[in-house]
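Numbering (my numbering), first residue to last: 5 to 669.
Heads up, the beta-carbon is just placed ideally off N, CA and C, and yes, glycines get one too.
Since we're looking at a predicted model, the values are computed, not measured.
In what follows, a single structure is set out as structure tokens and then discussed.
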């Protein structure tokens, strides 16, 4: 996770390489390794005002000017990098010397003798951000620092307006900035002894800042940012000082202690996960923690899982798929309980929320699979030695509600058909994970009986039976019922001509024969409905047509509808989202299917190869994380969110599966 001067001075590459920090409350800091924001979502401080939602870009970046020893005050060196509609000014890539992701994101610039480092530390639970500057070298130098404020929703872009006020904070080296309809933001400097520091109020708008990734994605890409004023710090030798921002007034903060708490917490997480010796696996554990945030439910402090950074909130499907890898496999059963309780408490009519609205935090229920994945997560908790009392009081009532709701019928046309299999939705709805729409219409219509939904239903009924037996309760389905469902499933979904499973059976009886990855769940899930030679044929087909080093394609390249590049405007990208684009999260179910059908030694070898590809992805454009998606075509460029919960969870799951089978990742 170290980038040298040659990499950083390749400006386009540096602007495509991003980092992420999170605060455990839904807020985050994220930018490129040059500190130049290329997305509307980038910012050195993006707190969640209604944790974990209502996120606002407060501090976009800092403009930095250095007068080195013997330098001309009229010709300072600009260390920061900002791109405007007309080009770069300043262009700090000229002075960039190194970037390190660990232990905290740190960019170093060198101008002649002095080296200037800046390190970002988010204070826990949304308390603020601390930027630490370290200047080495001798001789008199001066740094002029101008914080650039966006003060807007992270989904939008802002423009100049007169509705703000900036005050100099009495007794501190700082400012208070108030925007209409926005909490006051406090910023102050903590200089080292021996250094001179002054703060000057001079509100100024900077116009036409370009967000190049938004331009490439077909969105608005120009905004204005406001600097409330400047700090001027000077010294005659090496020094360290801090800039802090918070929604609370200035207060004494022991930055060294906060930094040490952060590092100690990271070490504890790795120890909880079994202290892996492979540094890439330790990095996975740290990556997993970035998605875990607080959520208050019914006046109780619980937890949830952010689906992906920078733009996703907490989604039920993603949370339940991710939970076993992010929390159970890493030894954090106590946090897993809080996540399960949060989603369980919001379940209505057997439906776990699909997501929560970013602005209001209200749950939305338009999903058929989140509830079925809840059963999988609850069963994983039980298998890991979860508390039987918690299982009885908080999980079983939700599991029972799901089974009853799906059998009797619930919202969005979700119900058990005459054959006992689940049908759901209509031509206008997208209730499965393949939920993209383009021009207002579903790209991959999957209403009716989807293959993975029914695999999850059958597996879920069997798992619910295991939970019930452990608790001395009546199972929702007998072994005979489940066996009958398996026969119905195989009879309906097996495509003898293609030697694999149909992806979906529509209400009018049409069969979708597109080769997609959803069918691996029918092989790899616990109590999967497909076994034997047909299960092996499914894995063989998926391996030959869909497997890549970064995950599974969502459609075979041989299909006329295949889209190998995820690029262009919104409709173009949505049209490719599930039409060939690679998703790392599918690697987990695929490896489970491999273990279900291959000899252990063969399965271990293939699982190790899949894991190696995911670990290598952590050195791609989202440093220390795994992207949401990748192009279907080689070289499988990273796309979408730079950090996705279920991508990381899949890698952890494969690692732990290898360990359990005697393999050494």
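Excluding sequence positions up to five away, which residues of its chain have a Cβ less than 6 Å from the Cβ of residue 210?
229
For the region 534-542 against the region 596-613, are there 3 or more C-beta pairs whose distance is under 8 Å?
yes
How about the region 423-435 and the region 473-493: do they share at least three Cβ pairs that are nearer than 8 Å?
yes
Using alpha carbons as the reference points, say which of 528, 93, 148 and 313 lies closest to residue 120.
148
I'd like the list of long-range same chain contacts for residue 553, defined as Cβ closer than 6 Å, with 5 residues on each side in sequence excluded.
617
Using a 10 Å radius around the Cβ and a threshold of 16 neighbouring Cβ atoms, would you call residue 258 buried or exposed?
exposed
With a CB to CB cut of under 7 Å and the five nearest residues on each side skipped, what residues in its chain are close to residue 671?
Absent from the structure is residue 671, since the part of the chain shown begins at 5 and ends at 669.
Could one say the Cβ of residue 206 lies closer than 7 Å to chain C's Cβ atoms, at least one of them?
Judged by its chain identifiers, the structure shown contains no chain C, having just a single protein chain.
So, do the region 165-180 and the region 105-120 have three or more beta carbon pairs nearer to each other than 8 Å?
no
Let me know the secondary structure DSSP gives residue 300 once reduced to three states.
strand
Does the distance from the C-beta atom of residue 187 to that of residue 251 stay below 7 Å?
yes
To test your reading of the DSSP string, which unbroken alpha helix (DSSP H) runs of 4 or more residues are found completely within the region 396-458?
400-412
Can you name the start and end residues of the alpha helix (DSSP H) that residue 142 belongs to?
Note, residue 142: premise wrong, no alpha helix (DSSP H); not H, not E.
Inter-residue Cα distance where the pair is residue 131 and residue 525
42 Å
Roughly how many angstroms separate the alpha carbons of residue 194 and residue 11, rounded to a whole number?
32 Å
Is residue 320 near residue 374, with beta carbons less than 7 Å apart?
yes
Any heavy atom of the ligand ATP within a distance shorter than 6 Å of the CB on residue 346?
As presented, the structure is devoid of all ligands, the ligand ATP included, so that no description of it is given.
Beta carbon of residue 611, beta carbon of residue 563: below 7 Å?
no
Nearest-angstrom Cα separation, counted from residue 551 out to residue 506:
18 Å
For the 8 Å Cβ check, are there 3 or more pairs between the region 303-323 and the region 23-35?
yes
Taking 6 Å as the limit between beta carbons, can you name the residues of its chain near residue 207, skipping five residues before and five after?
170 and 232
Does the Cβ-Cβ distance between residue 39 and residue 84 come in under 7 Å?
yes
From this set, 345, 292 and 265, which residue's C-alpha is nearest residue 335's C-alpha?
292
Span of the beta strand (DSSP E) holding residue 325?
Premise fails: residue 325 lies in the alpha helix (DSSP H), 320-327, not in any beta strand (DSSP E).
Neighbourhood of residue 200 by C-beta, 6 Å cutoff - its chain only, sequence neighbours within 5 removed:
238
Please tell me whether residue 65 and residue 41 are closer than 7 Å, where the distance is taken between their beta carbons.
yes
Considering only C-alpha positions, which residue in the set 139, 104 and 94 is nearest to residue 114?
139
Could you tell me the boundaries of the alpha helix (DSSP H) in which residue 338 lies?
337-349
Assuming residue 696 and residue 494 make a contact with CB atoms under 8 Å, what is their CB distance in whole Å?
Residue 696 cannot be examined here, being either before or after the span of the chain that is shown, 5 to 669.
Between residue 307 and residue 346, how many whole angstroms is the CB-CB distance? I'm expecting something under 8 Å.
6 Å
Beta-carbon proximity of residue 587 to residue 626, cut-off 7 Å:
no
Does the region 426-437 come within contact of the region 567-577, defined as at least 3 CB pairs closer than 8 Å?
no
Nearest CA to the CA of residue 502: which residue from 20, 516, 354 and 281?
516
Starting from the Cα of residue 583, find the closest Cα among 396, 560, 351 and 99 and give me that residue.
560
Relative to the C-alpha of residue 404, which residue among 17, 353, 632 and 9 is closest?
353
Look at residue 650 and residue 326 and say whether their C-beta atoms are less than 7 Å apart.
yes
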